[in-house]
Each structure stands twice: as structure tokens, then as C-alpha cells.
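Student: I have a structure here, written as C-alpha cells, and I will follow up with some questions on it.
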Amino acid sequence: MHPVQRQLYIDHYHLQQLLQCLRYQLDCFADRGLGEPDLGLILDMLDYITVYPEHWHHPVEDELFVMLLRHPIAEAGIVEQTLAEHAELEKLTAELNRLFDAVAKDCVVSGDELVDKARHFMARQGIHIERENELIYPLFNRYLTAADWRRLEQRIQQEDDPLFGGQLKSSYDNLYNYVLACKGPLQPPFSKRSAS
Numbered sequence: 001m002h003p004v005q006r007q008l009y010i011d012h013y014h015l016q017q018l019l020q021c022l023r024y025q026l027d028c029f030a031d032r033g034l035g036e037p038d039l040g041l042i043l044d045m046l047d048y049i050t051v052y053p054e055h056w057h058h059p060v061e062d063e064l065f066v067m068l069l070r071h072p073i074a075e076a077g078i079v080e081q082t083l084a085e086h087a088e089l090e091k092l093t094a095e096l097n098r099l100f101d102a103v104a105k106d107c108v109v110s111g112d113e114l115v116d117k118a119r120h121f122m123a124r125q126g127i128h129i130e131r132e133n134e135l136i137y138p139l140f141n142r143y144l145t146a147a148d149w150r151r152l153e154q155r156i157q158q159e160d161d162p163l164f165g166g167q168l169k170s171s172y173d174n175l176y177n178y179v180l181a182c183k184g185p186l187q188p189p190f191s192k193r194s195a196s
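Last residue of the sequence shown: 196 (full-length UniProt numbering), numbering continuous.
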């Protein structure tokens, strides 16, 4: 497995953990008996999704999906659909960020609307990640050549994950500790040693 493909799987694992933490925060909005929701954490989660998955992870996937579509593949329809979802997911993230930012600024926002949109966002993200993991990423191994991977390496610049990577961005300290507390130690699906 190419190191970029491995990183994409690891990114999905981390994003799924983050979405589980977001789900708990939303449950707190719906049932205050669970605890007080932490708007700062929610905004940090949405910021992270905007900063890393939408600015590195999705663009790398976009490159790979376009490379797949240059090959005569029977799965072109699902690849095209998944590629188009990236823009839709970015719009959902921006809308959710706007709503939670309004709440943080004490603007009136319907709690039902907030929770409904957030749950819709999480459901769409979950379906998208699962489709990529189960249907799209295996196509990389089947159709992409060594030359395709070399072209990708020339077109992208590796970026360190600011939350789960080797160098934690200081503004995410609180979020990182929260994710650890939610799920315990992070265990990526692939170890660094198996990268070769």
C-alpha cells in the first residue's frame, strides 16, 4: 500500500473518532442531563475539519479519483459521485460552523435546527468515509500504476495533520486531550513500521 493511501485511511480513522466526540457534544445539546455542551470544542472540531481534511485530505483524494477516472473502470459512476460529495461536505461544514459560531456569539439559533443539521452532517460524513474505505480506496490498488503514484507525489505536498500528526498545533491542545479522554489512546489502523 502506498504511504499516501495509508495516510488517507488513517485520516478517516481519526475523523471518525472526532465525529464520535462531536456526536456526544450534540447529545449534550439535546439532553442537558448528559452535561453542558462545550461550544469551544465543537468550534475547534469544525475548524480542524476545515483546516486539514478539506485542505489536504480531500484535495489528495480528488487527485487520486481523477487518476482513477483516466482508467477504463466500471466503477466510474461511484467515483464521480464520491468526488462531487467533497464540495457538498465542505458546504455542510461551513454551514455548521456558521450556526455554532452564531450560538457562541449569543445569537438566537433554533436548537432543533442546530442538532438536525449537525446530525445530517455527521451522517453524510460517515456514509462518505465508509464508501471511500470500502469501495473507492480498494480501486487504487487495482487500477493505479506506479507511474500514477509518482505523478501524485509530484503534484502534492505532504502536510502534517495538525491534530493527530507528529506536531500538535497548540490551538488544538484542548481538543486533542478531549479526543483522548473520549476514546482512550489513539491506535491508527496501520503502524509506521508497516509503511514500507
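Just so you know, even glycine gets a beta-carbon here, dropped at the ideal spot from N, CA and C.
Keep in mind that this is a model prediction, so the values were computed, not measured.
Do you know offhand how far Tyr48's Cα is from Glu36's?
Tutor: When rounded, the distance between both Cα atoms is 22 Å.
Student: Note down, in chain order, each residue of its chain lying with its Cβ closer than 7 Å to the Cβ of Arg23, except the 5 sequence neighbours on either side.
Tutor: Here the set comprises Met122.
Student: Once DSSP output is grouped into helix, strand and coil, what is the label at Gln167?
Tutor: DSSP places Gln167 in coil when its eight states are reduced to three.
Student: Less than 7 Å between C-beta atoms, sequence neighbours within five positions excluded: which residues of the same chain meet that for Asp62?
Tutor: Closer than 7 Å at Cβ, skipping near neighbours: Leu83, His86.
Student: Should Arg124 and Leu89 be called a contact, given that it needs their Cβ atoms to be closer than 8 Å?
Tutor: Contact: yes.
Student: So, Val60 versus Ile136, is the Cβ gap smaller than 8 Å?
Tutor: Cβ atoms of Val60 and Ile136: not closer than 8 Å.
Student: Would you check if the segment 93–111 and the segment 137–155 touch, i.e. whether three or more CB-CB distances between them fall below 8 Å?
Tutor: Taking 8 Å as the limit for Cβ pairs, the verdict is that the segment 93–111 does not touch the segment 137–155.
Student: How would you write the range of the alpha helix (DSSP H) that His86 sits in, first residue to last?
Tutor: Counting along the chain, the alpha helix (DSSP H) containing His86 begins and ends at 76–104.
Student: Terminal residues of the continuous alpha helix (DSSP H) containing Leu152?
Tutor: Run containing Leu152: 146–155, per the alpha helix (DSSP H) assignment.
Student: Contact defined as beta carbons within less than 8 Å: I believe Tyr52 pairs with Asp161. What is the distance between those atoms, to the nearest angstrom?
Tutor: Contact flag correct, Cβ pair sits at about 6 Å.
Student: Using the C-alpha atoms, what's the distance from Ala181 back to Ser170?
Tutor: Taking the straight line from one Cα to the other gives about 18 Å.
Student: Secondary structure at Asp31, three-state DSSP: helix, strand or coil?
Tutor: Coil at Asp31, not helix or strand.
Student: Quick one: Cα of Glu113 to Cα of Leu46, how far?
Tutor: So the two alpha carbons sit approximately 17 Å from each other.
Student: Relative to the C-alpha of Leu175, which residue among Leu15, Pro3, Gln7 is closest?
Tutor: Comparing Cα positions, the closest option is Leu15.
Student: Grab the span of the alpha helix (DSSP H) containing Arg131 for me, first residue to last.
Tutor: Its alpha helix (DSSP H) spans residues 111–131.
Student: Could you give the distance in angstroms between the alpha-carbon of Leu43 and the alpha-carbon of Arg142?
Tutor: If I take the Cα positions, the gap works out to 39 Å.
Student: Over what stretch of residues does the alpha helix (DSSP H) that includes Tyr137 continue unbroken?
Tutor: Per DSSP, Tyr137 belongs to the alpha helix (DSSP H) from 137–143.
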